[in-house]
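Reviewing the structure listed below.
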Amino acid sequence: MKRLGLILLRVFTAFDWPLLAILMMFAALGLTVMHSAVGGTDWRFAEQSRNFIIAFFAMWTMALIPPKLLMKLALPFYVVGVVLLLGVEFFGETSKGATRWLNLGVTRIQPSEMMKIAVPMMLAWYFQRHEGAVRIRDFLAAAAMLAAPFGLIVLQPDLGTALLVFGAGFFVIYFAGLSFKLLVPVMLAGVIGIGTLVYYEDQLCEPDVNWVVLHDYQKHRVCTLLNPSSDPLGKGFHTIQSMIAVGSGGVYGKGYMKGTQTHLDFIPERTTDFIFAVYAEEFGLYGGIAILVLYGLMMARGLTIASRASSQFGRLLAGALTMMLFIYVFVNVGMVTGILPVVGVPLPFMSYGGTALFTMGIAFGIMMSISRHRSVKT
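As structure tokens, this is what we get:
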């Protein structure tokens, strides 16, 4: 009995209870919306339920691993990830025009997913080693560590995952002390670039204009964002239909299981990338605000854990993983509402898919580990 009590104590003390409470609310909400999106309890609903269970155990497992051990795993985890990305580049399997998978014989993996965790872990470990003596060359070295996996993922091409990996890594570098003044020229260049694109849209979106840095399908997504009606039955169909669904929900929504855009099959990819359109149509503006507030509470808890961490490694890693959640939500809601191009980023804990849920489970397990060991010097 005493041994059982110790095991139960270890299980319960592994969790950060405020964060777990928010995650449980998202699990209930995610399955509720998925039930409506698929129109019942078909195989997709059953699989998503299983995915939540797997993600929960992944989170619990990571919560039991102390940050000191995570630091030791950071370098080999990163190196293995980069090697696997190189394997994808040379030996990967191509599907739907993208080479993202690597067949290991017994299973098939997508190495880019692990880099969402490996990159911020590696950079947090690096800055932990240079704590108190960070120089310009350290930021340059960190940028190179970030650029390598980011470039390999862009080549697949997988712009959505590349954006998330870049964001998670960038926030580690920023939280480590990167001066905001150095970002001003980059932000200014971005504003000028976007302004130029909007002003010269008609000329730049001509079929014979090559954007060099982007693939043709990525160029079409940007041009469709600027003018969805230019191809309403093709490239612009996703954006137009999702915007119609969000707008038709009004202030109060049409009611659960009563979304016409959803159940008449007008919303494309309604269980994955466009699940927010299903939610907004049925629960309206108030429902949309409520879920954004819930995400806000989750991010606030993550930043609180980061601020209370006992080491530089814990602070940087928890902060970066929290901001990665922000990027997930901002990009997904932005592309569903028509303010960002469609890049295939799921909505955390809402979209169907086991890989993204597993990754988020690991990320939040790491944050719980940092929270649990905040009083232990690592």
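The sequence shown begins at 622 in the working numbering and counts up one residue at a time.
Ideal Cβ placement from N, Cα and C applies to all residues, glycine included.
Just so we're clear, the structure is a prediction, and the values are computed from it rather than from any experiment.
- The residues 826, in chain order, have a CB closer than 6 angstroms to that of residue 844 in the same chain once the five nearest residues on each side in sequence are set aside.
- Of 978, 975, 940 and 962, the smallest CA-CA separation from residue 791 is found for 940.
- Boundaries of the alpha helix (DSSP H) harbouring residue 936: 933–957, taken from the DSSP string.
- A distance of 8 angstroms or more separates the beta carbons of residue 771 and residue 739.
- If you draw a straight line from the Cα of residue 924 to the Cα of residue 830, it is about 44 angstroms long.
- Boundaries cannot be given for residue 831, as no alpha helix (DSSP H) includes it and DSSP labels it neither H nor E.
- Annotated three-state conformation of residue 800 is coil, per DSSP.
- Per DSSP, the unbroken alpha helix (DSSP H) holding residue 990 starts and ends at 975–993.
- For residue 721, the enclosing beta strand (DSSP E) covers residues 719–724.
- Annotation note: the region 656–728 contains the following uninterrupted beta strand (DSSP E) runs of length 3 or greater, listed N- to C-terminal: 714–716 and 719–724.
- Per DSSP, the unbroken alpha helix (DSSP H) holding residue 733 starts and ends at 732–750.
- Look at the beta carbons and you see the region 643–650 not touching the region 878–892: under three pairs across the two are nearer than 8 angstroms.
- The beta carbons of residue 784 and residue 948 sit about 7 angstroms from each other, so the pair counts as a contact at 8 angstroms.
- In the structure shown, residue 872 adopts coil according to DSSP, grouped into three states.
- Residue 729 and residue 666 have their alpha carbons spaced roughly 23 angstroms apart.
- Contact annotation: residue 872 and residue 898 have beta-carbon atoms that are not nearer than 8 angstroms.
- When DSSP states are grouped into helix, strand and coil, residue 929 belongs to the helix group.
- Shown here for residue 944: same chain residues with a beta carbon closer than 6 angstroms to its own, the five before and five after excluded, namely 792 in chain order.
- Annotated as distal: residue 648 and residue 985, with beta-carbon spacing of 8 angstroms or more.
- Of the residues assessed, residue 828 falls on the exposed side of the cut-off, its CB having fewer than 16 other CB atoms within 10 angstroms.
- Here the alpha carbon of residue 918 sits roughly 17 angstroms from the alpha carbon of residue 907.
- By the Cβ test, the region 711–727 is not in contact with the region 758–765, since fewer than three Cβ pairs between them sit closer than 8 angstroms.
- When the Cα atoms are used, residue 894 and residue 972 turn out to be separated by approximately 6 angstroms.
- The distance from the Cβ of residue 705 to that of residue 741 is about 17 angstroms, inconsistent with a contact at the 8 angstroms cut-off.
- Excluding five sequence positions before and after residue 958, the CB atoms of its chain that fall closer than 7 angstroms to its own CB belong to 864 and 867, given in chain order.
- For the 8 angstroms CB-CB criterion, residue 746 and residue 695 form a contact.
- Distance between residue 656 and residue 954, taken at the CA atoms: about 20 angstroms.
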